[in-house]
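Numbering (full-length UniProt numbering), first residue to last: 1 to 415.
No residue lacks a Cβ here, since even glycine has one placed at the ideal position from N, Cα and C.
I have placed the structure first, in the form of structure tokens, so that the comments after it can refer back to it.
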Amino acid sequence: MGHAESELLDVERIREDFPILQREFDGEQVVYLDNAATTQTPEPVVETIADYYRTTNANVHRGLHQLSQEASVAYEKAHDRVAEFIGASGEREEIVFTKNTTESENLVAYAWGLNELGPEDEVVLTEMEHHASLVTWQQIAKKTGATCRYISVDEDGTLDMDHAREIITDDTAMVSVVHVSNTLGTVNPVSELADIAHDHGSYIFVDGAQSVPNRPVDVEAIDADFLAFSGHKMAGPTGIGVLYGKKHLLEEMEPYLYGGEMIKKVTFEDATWNDLPWKFEAGTPVICQGIALAEACDYLDDIGMERIQRHEEQLAQYALEQLRDEGDVETYGPSAGTERGGLVAFNLDSVHAHDLSSILNDSAVAIRAGDHCTQPLHDKMGVPASARASFYIYNTREEVDKLVSAIDDARQLFA
Ligand SMILES: Cc1ncc(COP(=O)(O)O)c(CN[C@@H](CS)C(=O)O)c1O
1 MGHAESELLD VERIREDFPI LQREFDGEQV VYLDNAATTQ TPEPVVETIA DYYRTTNANV
61 HRGLHQLSQE ASVAYEKAHD RVAEFIGASG EREEIVFTKN TTESENLVAY AWGLNELGPE
121 DEVVLTEMEH HASLVTWQQI AKKTGATCRY ISVDEDGTLD MDHAREIITD DTAMVSVVHV
181 SNTLGTVNPV SELADIAHDH GSYIFVDGAQ SVPNRPVDVE AIDADFLAFS GHKMAGPTGI
241 GVLYGKKHLL EEMEPYLYGG EMIKKVTFED ATWNDLPWKF EAGTPVICQG IALAEACDYL
301 DDIGMERIQR HEEQLAQYAL EQLRDEGDVE TYGPSAGTER GGLVAFNLDS VHAHDLSSIL
361 NDSAVAIRAG DHCTQPLHDK MGVPASARAS FYIYNTREEV DKLVSAIDDA RQLFA
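Written out as structure tokens, the structure is:
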């Protein structure tokens, strides 16, 4: 299948780095449109992983031998590279490697929330939060007696900022907000929300899982106190997430996972903690994944995050136009022309999203169908599930056409 180049990205050249995109199912070349769930891994990142295990593998911070020294240096530098990727001037001391975004959210909820929240405190979320944030803060609130409140989402899928200004008050201890919704594609004004939160003495946690991989993100320009994202959504491996935290906050926080690496001195009676970020990286850390994530940062920066953003926006707008041309497709999220992330959730009249996804799979079109870990949002939308196409650097307009054609196959099947 030939692929028209986007005027923004040399997609043909990029696709050469992703052999998985050549796979065929029953003679149909795969059309991978499930990038909000996880992205594919380019050869330079795969080679970095292979090279690590071939030449450098050793445990970090524990051996004086050459291999351990080399692995330790590479692992530490990976923290610095990730810090640079998101504009964290505190470098490695502000970057904690976790397993994924979910663990990063839980780290702050337990290490800060469990100790700092009480019955007089409120945690403000949005109705479009992913379960990684919503369930985490909901359960910590139950444990501490704090109250969760939710900023409303308007009919058009955007955040009701008047409601945000109303419910973020001096009782708010934490605002936790998704930067780009994985269901609606809505891009939330996180800098404005940070200002509102800070004006009331609250911290702000930004869920960057769908923004850091897809657009330029500068944590200091946002003035986020915490920000989380996952390596597997940004051309990196699974098994690594990142928690960014302002240095002074991470210094004040107690660890929530104990063991080796995170300590300095241990007696039978007590222990003291290691320096940042190691205080929050108990046990043998995600060594190879961290080094591979640094390579993914290089890979994406070589393409350019602004160009990636515009490429995805163009594909999403094109998909919206194609889908909305059909009278029987309901799409969710901001209208065409309004800024949105590179994804479109939708439903085809009279066809359940799961059935639609299965039929699209018959044409080798891979999308996601379900609640996308945003069940309360789907309840508010009045649908049990939605189908979702999400785009990345290797997708093309021609693949959007393939999606639309496969949807038509489903339409005919259920006609
Ligand atoms: C906004 C947002 N916040 C947190 C997460 C969790 O990322 P993890 O790497 O699984 O921990 C995700 C992952 N959303 C995937 C899996 S549900 C999706 O298909 O939309 C996300 O989109």
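For Ser176, there is no enclosing alpha helix (DSSP H); the residue is part of the beta strand (DSSP E) that begins and ends at Thr172 to Val178. Straight-line measurement puts the Cα of Asp408 at about 52 Å from the Cα of Leu250. Look at Leu360 here: in three-state DSSP terms it is helix. A Cβ-Cβ contact shorter than 8 Å links Cys288 with Tyr52. In the structure shown, Thr39 adopts coil according to DSSP, grouped into three states. In the structure shown, the three-state DSSP call for Lys99 is coil.
The beta strand (DSSP E) runs of length 3 or more contained entirely in the region 249 to 310 are, from start to end of the chain, 263 to 266 and 271 to 273. Residue range Arg397 to Leu413 is occupied by the alpha helix (DSSP H) that includes Asp401.
His378 has its Cβ no nearer than 7 Å to any heavy atom of ligand 1. If you draw a straight line from the Cα of Glu103 to the Cα of Gly241, it is about 7 Å long. Between Thr126 and Tyr110, the C-beta spacing is not below 8 Å.
Contact between Asp225 and Ile204 holds: their C-beta atoms lie close to 5 Å from each other, under 8 Å. Between Leu377 and Ile367, the CB-CB gap reaches or exceeds 8 Å. Around the beta carbon of Asp199, fewer than 16 other beta carbons sit within 10 angstroms, so the residue counts as exposed. Two segments are said to touch when three or more pairs of C-beta atoms, one from each, lie closer than 8 Å; by this definition the region 279 to 294 touches the region 243 to 261.
Listed in chain order, the beta strand (DSSP E) runs fully inside the region 66 to 141 are 95 to 98 and 122 to 126, counting runs of at least 3 residues. For the options Val175, Ala235, Asn57 and Met128, the alpha carbon positioned closest to that of Asp34 is the one of Ala235. Just measuring C-alpha positions, the residue of Pro44, Ile308 and Val180 sitting nearest Gly157 is Val180. The nearest non-hydrogen atom of ligand 1 is less than 7 Å from the C-beta of Asp207. The DSSP-derived three-state label of Thr55 is helix. For Arg15, the enclosing alpha helix (DSSP H) has its first and last residue at Val11 to Arg15.
Rounded to the nearest whole angstrom, the C-alpha separation of His131 and His65 is 43 Å. Contact between the region 132 to 152 and the region 350 to 365 is absent: fewer than three C-beta pairs spanning the two stretches fall below 8 Å. Contact between the region 92 to 100 and the region 305 to 324 is absent: fewer than three C-beta pairs spanning the two stretches fall below 8 Å. According to DSSP, Val187 shares a beta bridge with Val180.
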